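In the order they appear, the protein sequences are chains A and B. Numbering-wise, our numbering comes out as the position in the first sequence, counting from 1, plus 89. Numbering-wise, our numbering comes out as the position in the second sequence, counting from 1, plus 706. A short write-up of the structure that comes next.
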Amino acid sequence: MIDLSKVDAGLWREVVESCGDIRHCFTCSTCVAGCPAAEASPPLFVRDLVRKVLLGLSESLLEDETPWLCVTCSACEEMCPMGVKPFEICLAVRRWQARNDESFIPASVAEIFETGHTQPVDRVREKRRAVGLEEVPPTIARFPEMLEKFREMLRETDLVKNNEFMFKG
Amino acid sequence: MKYGLFLGCNVPAVRPDVERAIRLSMPRLGAEMADLPGSVCCPAFGSFPSADETASLAVSAWNFSIAEDLGVPMVTQCGSCYSSLRMALERLHGDDALREKVQGLLRGKAGREFRGTAEVRHITDVLFNDIGAERIRGSLEFPLDGMSAVVQYPCHTLYPSEIVGFEESSGRPRMLRGLVEALGAEVRPYSRELQCCGGAGGFVKGSFAGASEYAFRKLRALRAETDAGMIVVSCITCLEHMDRMQAELAKKDPAYVPLPVFDYNQLLAVCMGFDPAEVASISTVPREALVERIRGAGR
Ligand code: SF4
Ligand code: SF4
Ligand code: SF4
Ligand code: SF4
């Protein structure tokens, strides 16, 4: 049951900064039918995320980990008949969760802040040499002075300012 | 033709043989692949795009500014990189206030300029539309005559078609097929050809059993409905995932015989006669026997 006295009527404005108009969703479930992650357990049903956002169920939304199952394939975005952009909703819900509960902030943002990458591109030298490549690729891994500037830039963002403990270097 | 090779993270770290294959095969076709010095993670959808939109676009714009300085279109093999960059570009072009904010971040602390001239292409788009099947056909030392394959279209290059698309129809893509046919192989259609591999994002990590079953269904259909001798992809995640999931399926079901999986540029490089130890050396399902057959057939 939904307790209407506890709903957060402005939730949708908070969540969907950049999405299609979420209010056009008519729960047709096309975004569920074609979604790989709808086969996860528990499943990702973007349709339900949209309902939670529209009904203002912030508590339930803050406990919902299913948006993180999204494969990012964007098939739903192609199929949605109302231009709701379900994939963008997944990302927007993740961001809203990350703003409201720091434990949702993915560790990969700190890795990218530290090294510019999500993979140790500078620590696979032997593997790269074996296929005839330069040991360190010509990305930021090879330019420490650029990495410093990259971090300077990110230090100006709300994400880093509000969660300094996560970002070293 | 000159392009900027956007490496991302997974190609250079996990499958550098794919990087090598791209660096060797593209110039043979007249496509110079310049480096994008100082580039960073695209950013991956599971990172900044899942935490802070402005920070995320600043990371994308960092990458764009490097390509803009060189005046070259960026080319990616990774489907996720392609989609992340294309979507970021769309967002930056569509919102003046946001773009100015991001430009300010780049200018202020990083001394970089995002002008908005950046262009992002997927490597199959470049191969099919800029280079063309004819030129590819003419570059082969060992064509795949008499062989058959299935192809995996990277969904990140199909959807949403109005932002990322370069096929005539996202429901009936044909470019990867055309590219494999240009190598001399026949491409077999099957019922689940357009099913996503399921390997990207958080599905595998969050629900390994569900993601495995999802991939197995595709793989079983592929084996039951075709006589294909290989799987050809053009996305680092499709490559790794179809390779790994086949090994998983074979463990559970010994009747399943896994097929070699190639990134398109790897197969192209093998057909061009480049050293397989450099361009196709890292995989779970062994590819050596097929590579030998390809190289033997041309003689
Ligand atoms: S496909 Fe679009 S309209 Fe249908 S349920 Fe999903 S978001 Fe709503
Ligand atoms: S983008 Fe995410 S939500 Fe949409 S269909 Fe793909 S996995 Fe499902
Ligand atoms: S999408 Fe994947 S491979 Fe591409 S840069 Fe991001 S993390 Fe690296
Ligand atoms: S098939 Fe899988 S890995 Fe490949 S592009 Fe689609 S989601 Fe990405």
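Think of the CB as a built atom: it goes at the ideal place given N, C-alpha and C, for glycine as much as any other residue. This structure is a prediction, so every number in the text was calculated from the model and none was measured.
Buried versus exposed call for residue i [16 or more other C-beta atoms within 10 Å across all chains shown]
i	result
M707 (chain B)	exposed
K924 (chain B)	buried
T782 (chain B)	buried
K174 (chain A)	buried
E148 (chain A)	exposed
A953 (chain B)	exposed
D959 (chain B)	exposed
D723 (chain B)	buried
E167 (chain A)	buried
K257 (chain A)	exposed
I937 (chain B)	buried
V720 (chain B)	buried
V963 (chain B)	exposed
G810 (chain B)	exposed
H799 (chain B)	exposed
N189 (chain A)	exposed
R821 (chain B)	exposed
R217 (chain A)	buried
F712 (chain B)	buried
T228 (chain A)	buried
G912 (chain B)	buried
Three-state class that DSSP yields for residue i in the structure shown
i	result
L846 (chain B)	coil
K708 (chain B)	strand
M780 (chain B)	strand
I201 (chain A)	helix
A855 (chain B)	strand
R894 (chain B)	coil
I937 (chain B)	strand
D656 (chain B)	What is shown of chain B runs 707 to 1005, which leaves residue 656 (chain B) out entirely.
D802 (chain B)	helix
V967 (chain B)	strand
C165 (chain A)	helix
I1000 (chain B)	helix
K924 (chain B)	helix
V104 (chain A)	helix
D97 (chain A)	coil
F254 (chain A)	helix
I111 (chain A)	helix
D775 (chain B)	helix
R993 (chain B)	coil
R212 (chain A)	coil
Rounded Cβ spacing between residue i and residue j (contact assumed at less than 8 angstroms)
i	j	result
G710 (chain B)	L742 (chain B)	5 angstroms
T760 (chain B)	Y970 (chain B)	35 angstroms between Cβ atoms; not a contact.
W185 (chain A)	E103 (chain A)	6 angstroms
C1022 (chain B)	T246 (chain A)	The requested residue 1022 (chain B) is not part of the displayed model; chain B covers only 707 to 1005.
L850 (chain B)	L812 (chain B)	Actually they are not in contact, since the Cβ atoms of L850 (chain B) and L812 (chain B) sit about 46 angstroms apart, beyond 8 angstroms.
L143 (chain A)	E725 (chain B)	The pair is not a contact, with the Cβ atoms about 45 angstroms apart (cut-off 8 angstroms).
L973 (chain B)	V856 (chain B)	Not confirmed; about 13 angstroms, so no contact.
E873 (chain B)	M881 (chain B)	6 angstroms
A740 (chain B)	L776 (chain B)	6 angstroms
CB contact flag (residue i, residue j, <8 angstroms)
i	j	result
R729 (chain B)	L763 (chain B)	no
T155 (chain A)	L180 (chain A)	no
S745 (chain B)	T943 (chain B)	no
L965 (chain B)	G935 (chain B)	yes
I869 (chain B)	M793 (chain B)	yes
V967 (chain B)	L996 (chain B)	no
V105 (chain A)	A757 (chain B)	no
E931 (chain B)	S875 (chain B)	no
C903 (chain B)	A921 (chain B)	yes
S987 (chain B)	D949 (chain B)	no
E847 (chain B)	G979 (chain B)	yes
S854 (chain B)	S163 (chain A)	no
R841 (chain B)	L735 (chain B)	yes
V96 (chain A)	G145 (chain A)	yes
S766 (chain B)	L791 (chain B)	yes
P170 (chain A)	T204 (chain A)	no
G905 (chain B)	H947 (chain B)	yes
A816 (chain B)	K141 (chain A)	no
N252 (chain A)	I201 (chain A)	no
P209 (chain A)	P718 (chain B)	no
A230 (chain A)	G916 (chain B)	no
C117 (chain A)	V135 (chain A)	no
A975 (chain B)	A727 (chain B)	yes
Any non-hydrogen atom of ligand 6 closer than 7 angstroms to residue i Cβ
i	result
P860 (chain B)	Ligand 6 is absent from the structure shown, which contains only ligand 1, ligand 2, ligand 3 and ligand 4.
Which parts of the region 720 to 770 of chain B are runs of the alpha helix (DSSP H), unbroken and 4 residues or longer, counting only runs that do not cross its ends?
Those alpha helix (DSSP H) runs which fall completely within the region 720 to 770 of chain B and span 4+ residues are 722 to 734.
Jot down the residue ranges of each uninterrupted beta strand (DSSP E) in the region 216 to 251 of chain A, minimum 3 residues, whole runs only, in chain order.
Runs of the beta strand (DSSP E) inside the region 216 to 251 of chain A: none found.
Ignoring anything shorter than 3 residues, give me the beta strand (DSSP E) runs that lie fully in the region 814 to 846 of chain B, in order along the chain.
List check, beta strand (DSSP E) in window: 826 to 828.
Quick check for students: name the residue ranges of the alpha helix (DSSP H) that lie wholly in the region 138 to 197 of chain A, counting only runs of 4 or more.
Counting only runs of 4 or more, we get 147 to 152, 164 to 168 and 175 to 189.
Tell me the start and end of each unbroken alpha helix (DSSP H) in the region 865 to 909 of chain B that is at least 4 residues and wholly inside, in chain order.
Listed in chain order, the complete alpha helix (DSSP H) runs (minimum 4 residues) inside the region 865 to 909 of chain B are 867 to 870 and 881 to 888.
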